[in-house]
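Here is the structure we will look at.
Residue numbers (UniProt numbering): 1 to 106.
Put into structure tokens, the structure is as follows:
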């Protein structure tokens, strides 16, 4: 029985819990830069072996202008790092969703 418990514990520690970040960030492209507030989360996806991160950017006119109503690749920088992500459609409250793969910006 102890072998099973040790194996489960090792697997849990290897993948770790989901990670989160809530706070200030800078969203930018080659032409624009916008200071925003974000809520981000992420997790390791064993099916493809990659870290998937995602979240919402608080409503901001500058983000709507930057996205131009279309799917847009951007760089998101937080106090913990930066990563390339993709902005998609806004929700009814004008918060844009952002998603990315690999090393997250938090």
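All residues carry an ideal CB built from backbone N, CA and C; glycine is no exception. This structure is a prediction, so every number in the text was calculated from the model and none was measured.
- According to DSSP, residue 57 shares a beta bridge with 38 and 96.
- Taking a 10 Å sphere around the C-beta of residue 57, we find 16 or more other C-beta atoms and assign the residue as buried.
- For the set 94, 99, 95 and 80, the Cα lying nearest the Cα of residue 74 is the one of 99.
- The C-beta distance from residue 95 to residue 59 rounds to 5 Å, short enough to meet the 8 Å contact threshold.
- Classified as buried, residue 53 has 16 or more neighbouring CB atoms from the shown chains inside 10 Å of its CB.
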